[in-house]
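Trainee: Have a look at this one before I ask anything.
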Amino acid sequence: MLIVIASSAAAALEPEAGLARVQQFLDEVETLRAEFHQTVEDGEGRVVQTSDGVLTIARPDRFRWDYAEPYEQLVLA
Numbered sequence: 002m003l004i005v006i007a008s009s010a011a012a013a014l015e016p017e018a019g020l021a022r023v024q025q026f027l028d029e030v031e032t033l034r035a036e037f038h039q040t041v042e043d044g045e046g047r048v049v050q051t052s053d054g055v056l057t058i059a060r061p062d063r064f065r066w067d068y069a070e071p072y073e074q075l076v077l078a
């Protein structure tokens with residue numbers, strides 16, 4: 002959510018200045034948590050799979066991708 006807000010604020014600036022502001026924001030982020038809903042479609046646009054879960058990142062080297070639906074799955078790095 003914060004990235005969307007920062008990106009929206011930067012959109013009103015010149016492209017280079019906006020990019021610099023977003024990059025500065027991302028450089029200062031130490032942790033990030035986001036809930037997600039993922040949809041996979043086939044070549045004809047039909048939904049073939051949906052997934053829900055939480056993504057958590059903690060710098061410099063922690064990553065957690067936690068799927069809740071359709072079945073529990075955990076990816077750690």
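Take the position in the sequence shown, starting the count at 1, then add 1; the result is the number in the working numbering.
Every residue, glycine too, gets a C-beta built ideally from N, C-alpha and C.
Per DSSP, what are the beta-bridge partners of GLY19 in this structure?
Mentor: Per DSSP, none; premise fails for GLY19.
Trainee: Identify, in the order they occur along the chain, each residue of the same chain with its Cβ nearer than 6 Å to the Cβ of ILE58, setting aside the five sequence neighbours on each side.
Mentor: Result list for ILE58: LEU33 and PHE64, in chain order.
Trainee: Does GLY46 pass the burial test, meaning 16 or more other C-beta atoms within 10 Å, or should it be called exposed?
Mentor: Burial call: exposed.
Trainee: Would you kindly work out how many angstroms separate the C-alpha atoms of TYR1 and ALA78, rounded to a whole number?
Mentor: Residue numbering for the chain in the displayed model covers 2 to 78; residue 1 lies beyond these limits and cannot be assessed.
Trainee: May I ask you to list the residues that DSSP assigns as paired with ASP28?
Mentor: None, per the DSSP bridge assignment.
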